[in-house]
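**Q**
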Ligand code: SPV
Ligand code: MG
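Numbering (the working numbering), first residue to last: 1 to 565.
#1: Exposed or buried, what is residue 346 when buried is set at 16 or more other beta-carbons lying within 10 Å of its beta-carbon?
#2: Just reading off the alpha helix (DSSP H) that residue 70 is part of, what are its end residues?
#3: Assuming the contact rule is C-beta atoms closer than 8 Å, residue 384 and residue 374 should be a hit. Round their C-beta distance to whole Å, please.
#4: What is the DSSP secondary structure of residue 301, reduced to helix, strand or coil?
#5: Quick check on the burial criterion: 16 or more other C-beta atoms within 10 angstroms. Buried or exposed for residue 474?
#6: Is DSSP giving residue 108 helix, strand or coil here?
#7: Considering residue 32, what are the terminal residues of the beta strand (DSSP E) in which it resides?
#8: Can you tell me where the beta strand (DSSP E) with residue 525 in it begins and where it stops?
#9: Could you name the residues whose beta carbon sits closer than 5 Å to any heavy atom belonging to the ligand SPV, keeping them in chain order?
#10: Please report the straight-line C-alpha distance between residue 415 and residue 421, rounded to a whole angstrom.
#11: Tell me, which residues are paired with residue 120 by DSSP?
#12: Is the segment 350-366 touching the segment 421-437, taking contact as three or more C-beta pairs under 8 Å?
#13: On a Cα-Cα basis, can you pick out the residue from 69, 386 and 58 that is closest to residue 245?
#14: Taking the beta strand (DSSP E) that residue 195 falls in, what are its first and last residues?
#15: When we look at the beta-carbon of residue 510 and count the other beta-carbons within 10 Å, is it buried (16 or more) or exposed?
#16: The ligand MG and residue 64: does the residue's C-beta get closer than 7 Å to at least one heavy atom of that ligand?
#17: Looking at residue 56 and residue 76, is the spacing between their C-beta atoms short of 8 Å?
#18: Just to confirm my understanding: we take residue 542, look at its own chain, exclude 5 residues before and 5 after, and list those with CB closer than 7 Å. What are they?
#19: Could you tell me whether the segment 388-398 touches the segment 508-526, using the rule of 3 or more Cβ pairs below 8 Å?
#20: So within the segment 282-360, which uninterrupted beta strand (DSSP E) runs reach at least 3 residues, ignoring any that extend past its ends?
#21: Might you give, ordered along the chain, the residues of its own chain that have their beta carbon closer than 7 Å to the beta carbon of residue 566, omitting 5 neighbours on each side?
#22: Helix, strand or coil for residue 458 per DSSP?
#23: Determine the burial state of residue 96: buried for a count of at least 16 other Cβ atoms within 10 Å of its Cβ, exposed for fewer.
#24: Beta carbon of residue 93: closer than 7 Å to some heavy atom of the ligand MG?
#25: By DSSP's criteria, residue 568 is part of a beta bridge. Which residues make up the other side?
#26: Does the distance from the C-beta atom of residue 144 to that of residue 66 stay below 8 Å?
#27: Measure the alpha-carbon distance for residue 402 versus residue 369 and round it to whole angstroms.
#28: So if DSSP puts residue 442 in a beta bridge, which residue, or which two residues, is it bridged to?
#29: Specify the secondary structure class of residue 89 as computed by DSSP and reduced to three states.
#30: Helix, strand or coil: how does DSSP classify residue 483 here?
#31: Let me check one thing: in DSSP terms, what residues is residue 51 bridge-paired to?
#32: Ordered along the chain, which non-local residues of its own chain (more than five positions away) have a Cβ less than 6 Å from that of residue 150?
#33: When you compare each of 204, 154 and 294 to residue 169 by their alpha carbons, which one comes out closest?
#34: Within 10 angstroms of its Cβ, does residue 556 collect 16 or more other Cβ (buried), or is it exposed?
#35: Let me confirm a value: residue 49 is counted as buried when at least 16 other C-beta atoms fall within 10 Å, else exposed. Which label applies?
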């Protein structure tokens, strides 16, 4: 796909069309009939659009007989002008009435950012030139000149263009009449002449161009003499070629084939790979621009929040129940662990949730989440999984292990913290002799449970396989929840990049990230809790998780709801 040309600021659409009409090069206008086709024409590299009467009426499903009202056409053009910053030359048929209608049309087109109009010397309501052309009456030449003058007198932008279309060859009135009319229209002020022909050879167009001898810009529509080499038009001194109906015809063929295929096969599998993806439609609608604008303009109250759930592992010690699903899909109190997490996030208005799957990611329910997959999950660790999701961190982001259950206040308090990074530490946890010290944390102050209003900072976290610092008891255990404030993502990325360059990155866990942030002088706030959460690490945890989720155990009971062990 060609990248659309960058248009210099101040180079108006009207001027661009005017220059195309007047340039010595052969220029091309592509038909478009709605916003998306206008965008597609621009992306293909066209410099201007023909707002075809045939195509616009066809996409409305009506005839090219002025059945759509001119205001309906102008409304449609507004979408086209918005979706593409190209000049649009409207096929204005006969001007939708007499001189007065043309005056109003020109004013309204200018108001909607349309660059020019082509009017043809037939009578309202017109009929497409290729339907029974000879039977169609032409407009009186002088009356048509009056329309051109009226249009020119009512434009406020001097570069707005009025193209006069000569239909004398279509209705069989001959070359002399065509030339006479073209000259009269030029003298009435037309910025260019569109000379139309329905022959399959360009003969009469070429004769016309020769006789016309460069008195003004000439525009042609080679729909019927399409097999003529474009160089022939170039040599004849034609100014602009209009490809008048090819996007609507292309889309009609595609829609017919796809509709029939889906109807007959009663499935989508045969068409999915042959049609534009839904993401391509989003791109054409400029969905990314919306997200960027949302970040700038939505008030703090509506600030975007997202979550990343690390859910790539099967779960050591849980093999008996994870043959067909990852740990995150284990049912707890009637629904998968992941659903509990999603419900907790949604309660805090976190709806943009990315789950990083790995082991049996196919078994992860995709409703309400964005699933990304760490394809190397068998050989990599938590940070490699996190790296798969960082680009989806939008606004404040909570990063969570996938096997967590917690009381809702823990997440509520976490998302309300104001530090760049905050971790939740359970101060009721103490390391058990002989058991791994993973995730135990050293903090600036121990939790005396009366710390209200005083900030506590993380000093380090014990990573997998590491031991506690000699002679120093940790202040609690990190439960697997981190809040990362919007604007801090870049720092997180930079730290991830640094770690990625280190040997062994593939095995790094979240503790390595937290310690690297601390080593880079990043302050990480501690939010102490005292129980009220559960990790699911083995069958025993799994059995007890149901009780926790049901809330059957009195809050604070150490026996069932305090640990990841
Ligand atoms: C149109 O595109 O509507 C035209 C050109 O008027 S043609 O259909 O070739 O007459
Ligand atoms: Mg038309």
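All C-beta atoms in this analysis are idealised placements derived from N, C-alpha and C, irrespective of residue type, glycine included.
**A** This is what the structure holds:
#1: exposed
#2: 70-83
#3: 6 Å
#4: For residue 301, the predicted structure reports a pLDDT of 46, less than 50, and the residue's modelled location is therefore unreliable. A value from the coordinates is still provided. Here residue 301 sits in helix by DSSP.
#5: Classification of residue 474: buried, given that the 10 Å Cβ count is 16 or more.
#6: helix
#7: 27-32
#8: In the DSSP assignment, residue 525 falls within the beta strand (DSSP E) that extends over 524-529.
#9: 52, 53, 54, 91, 129, 221, 223 and 244
#10: When rounded, the separation of the alpha-carbon atoms in residue 415 and residue 421 is 10 Å.
#11: 165
#12: no
#13: 58
#14: 192-195
#15: buried
#16: yes
#17: yes
#18: 318, 321, 330 and 536
#19: Touching, no, given that fewer than three Cβ pairs across the two stretches are closer than 8 Å.
#20: 305-311 and 352-357
#21: Nothing about residue 566 can be read from this structure; the chain reaches only from 1 to 565.
#22: strand
#23: buried
#24: yes
#25: Residue 568 is absent from the structure shown; the chain starts at 1 and stops at 565.
#26: No, the Cβ-Cβ distance between residue 144 and residue 66 is not below 8 Å.
#27: 13 Å
#28: Paired residues: 460.
#29: strand
#30: Three-state DSSP puts residue 483 in a strand.
#31: 32 and 90
#32: 99, 102 and 103
#33: Residue 204 is the option with its Cα nearest to residue 169.
#34: At residue 556 the pLDDT is 47, less than 50, meaning the model places this residue with poor confidence; the figure from the coordinates comes in the next sentence. Residue 556 should be labelled exposed.
#35: buried
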